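Reviewing the structure listed below.
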Amino acid sequence: MQKAITRISILFFLALALFSGYKRPADAAPVVTGDPVITPQPGGLHIIWQTPEVTLTETAVGLQVTIPDFEQVQETGLPQLPQRSVLIALPPDAAPT
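Under this note's numbering, the first residue of the sequence shown carries the number 4, and numbering increases by one thereafter.
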């Protein structure tokens with residue numbers, strides 16, 4: 004009987020150790036895709052734009068900066084930096100703030 008209690012106790016603590024760092028999907032951090040999140044508001048739009056994690060890579064000529072799903076600037080004389088743009092149409096009388 005004592006061995007059974009000991010085994011159950013060990014299994015219980017092992018289960019606690021295994022699942023102590025488990026995050027439910029609701030608790031997980033949101034995935035950042037680089038796409039703007041646009042929310043309609045009574046007076047207009049609320050735009051939140053977060054970028055995914057930036058990666059710096061050392062090359063023979065300096066650092067290369069990359070962001071997943073972002074394009075690189077390809078104009079002569081300009082640094083090759085990640086870029087992304089979104090076009091938002093505004094009414095002619097709009098005053099963006």
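In this text, a Cβ means the ideal position worked out from N, Cα and C, and glycines have one as well. A quick note: this is a predicted structure, and the numbers were derived from the prediction, not measured.
Helix, strand or coil at residue i [DSSP, three-state]
i: Ile91; result: coil
i: Thr36; result: coil
i: Pro43; result: strand
For residue i, the residue or residues it bridges with in DSSP
i: Pro85; result: Gln75
i: Thr69; result: Thr58
Whether residue i touches residue j by CB criterion (8 Å)
i: Glu78; j: Gln86; result: no
Touching or not, the stretch 34-46 and the stretch 69-87, by the rule of three or more beta carbon pairs under 8 Å? By the Cβ test, the stretch 34-46 is in contact with the stretch 69-87, since at least three Cβ pairs between them sit closer than 8 Å.
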